Amino acid sequence: MARERKLYLFEAISPLHTPNFCMVKESLKKIGPVHFVQCNFSQYSSKYDRYLQGDIAPAFNPDLGGGALNDLNVYNINIVIGLFGQPTATQYFANCGHNGIDTSGVMILSYPTMTATCTAAKDSSSPSFILIQGEKGWIHIPTPANEFGSVEIMRQGKLTSYRRNAYESRLAHEFIDFKDVWEKKDYKQMEAWLERSVEVVKVMK
Numbered sequence: 001m002a003r004e005r006k007l008y009l010f011e012a013i014s015p016l017h018t019p020n021f022c023m024v025k026e027s028l029k030k031i032g033p034v035h036f037v038q039c040n041f042s043q044y045s046s047k048y049d050r051y052l053q054g055d056i057a058p059a060f061n062p063d064l065g066g067g068a069l070n071d072l073n074v075y076n077i078n079i080v081i082g083l084f085g086q087p088t089a090t091q092y093f094a095n096c097g098h099n100g101i102d103t104s105g106v107m108i109l110s111y112p113t114m115t116a117t118c119t120a121a122k123d124s125s126s127p128s129f130i131l132i133q134g135e136k137g138w139i140h141i142p143t144p145a146n147e148f149g150s151v152e153i154m155r156q157g158k159l160t161s162y163r164r165n166a167y168e169s170r171l172a173h174e175f176i177d178f179k180d181v182w183e184k185k186d187y188k189q190m191e192a193w194l195e196r197s198v199e200v201v202k203v204m205k
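Just so we're aligned: 108 in this note's numbering is position 108 of the sequence shown, and the numbers increase by one with no gaps anywhere.
The structure is reproduced here in C-alpha cells:
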C-alpha cells in the first residue's frame with residue numbers, strides 16, 4: 001500500500017543507522033575471514049514475575065507478537081544479516097513458558113564459512129554484547145544490540161576503542177536518516193531498507 005500510494009514506511013531498527021555500525025561493517029575485512037559471531041541480548045523482564053503468576057502482558061503473549069525472539073533477538077538478527085547478508089540455514093532453540101511463549105532462546109544462523117549464534121532472554125539477565133571473531137582479530141560491542149554504543153577492535157595485538165555515534169540518544173541517527181529519505185523522496189533507499197526487513201522476517205519465521 002505504501003508503494004502504491006508513494007507513502008513512506010520504515011522499520012525502526014536504530015543500530016543499523018549508527019556510525020558505530022557502519023564502522024564495524026567497514027572493519028570486517030581487516031579482521032577477516034570471519035568464522036564466528038556471538039550476540040547476546042539478555043535482560044530480566046519487569047513483567048516476568050507477573051507472567052509467572054498468570055498475569056500475561058503483551059510481551060509474553062504469543063498472539064500479540066511477544067517473546068524473546070520478536071522482542072529482543074530481532075536486534076541481534078538484524079545486526080548479523082546487516083553485516084553478513086542472508087544465511088544459508090537457520091535453527092531456533094527456545095525455552096518456552098507455561099503458555100508456549102519463548103521466554104528465552106538461541107537462533108543459529110549458518111553461512112558457508114561462518115556460524116552466528118543469537119541469544120536473547122527475558123527470563124534471566126547477563127552482560128549483553130556482540131563478538132565477531134576473525135582470523136586476523138576480533139570486534140567487540142560491549143552493549144546490547146539495540147544500543148550499539150561503543151566498539152572495540154583487536155587487530156595485530158592492538159586493542160582500539162571507538163565511540164562514533166554523534167548523539168546521546170540511540171534513536172537520533174535513525175530519525176535523521178528517515179528525515180533525509182523523506183526530504184529527498186528517496187524511495188529507492190526506503191525500499192532497500194524494507195527489503196532488508198523482509199529478509200529478517202523470513203529468517204525469524
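Idealized CB from N, CA, C, for every residue including glycine.
No experiment lies behind these values; they were computed from the predicted model shown.
* Asked: Measuring CB to CB, does LYS25 end up less than 7 Å from LEU83?
  -> yes
* Measure the beta-carbon distance from HIS17 to GLU174 and round it to whole angstroms, keeping in mind my assumption that it falls under 8 Å. => 4 Å
* 6 Å CB neighbourhood of THR119 in its chain, flanking five on each side removed -> ASN40 and VAL106
* Any non-hydrogen atom of the ligand HEM within 6 Å of SER46 CB -> Ligands are entirely absent from the displayed structure, and the ligand HEM is therefore not among its contents.
* Write down every uninterrupted run of the beta strand (DSSP E) in the segment 139-180 whose length is 3 residues or greater and which is fully enclosed by it, in chain order. => 151-155 and 158-162
* Determine the contact status of VAL203 and THR90, defining contact as a CB-CB distance below 7 Å. => yes
* Asked: Roughly how many angstroms separate the alpha carbons of CYS22 and GLN53, rounded to a whole number?
  -> 43 Å
* Excluding the five sequence neighbours on either side, which residues of its own chain have a C-beta within less than 8 Å of the C-beta of LEU69, listed in chain order? -> TYR92, ALA94, ASP102, GLY105, MET107, ALA120 and MET204
* Could you pull out every residue in the same chain whose Cβ sits closer than 7 Å to the Cβ of ARG164, ignoring the five residues on either side in sequence? => PRO19, ASN20 and MET23
* C-beta contact flag for SER46 and LYS122 at 7 Å -> no
* Roughly how many angstroms separate the alpha carbons of GLY66 and GLY157, rounded to a whole number? -> 42 Å
* Kindly indicate the opening and closing residues of the beta strand (DSSP E) around ILE132. => 129-134
* Asked: At which residues does the alpha helix (DSSP H) containing ILE77 begin and terminate?
  -> 74-84
* Asked: Helix, strand or coil for ASN111 per DSSP?
  -> Before going further, note that residue 111 is Tyr rather than Asn in the sequence given. Strand, per DSSP.
* To do: Mind checking which residues open and close the beta strand (DSSP E) that includes ASN95?
  => 89-96
* **Cβ-based burial, ARG3 [other Cβ within 10 Å; buried from 16]** => exposed
* Pairwise C-alpha distance: TYR48 and ILE176 -> 34 Å
* Asked: At least one CB of chain D closer than 7 Å to the CB of ALA68: is that the case?
  -> In the structure shown, chain D cannot be found, because there is only a single protein chain.
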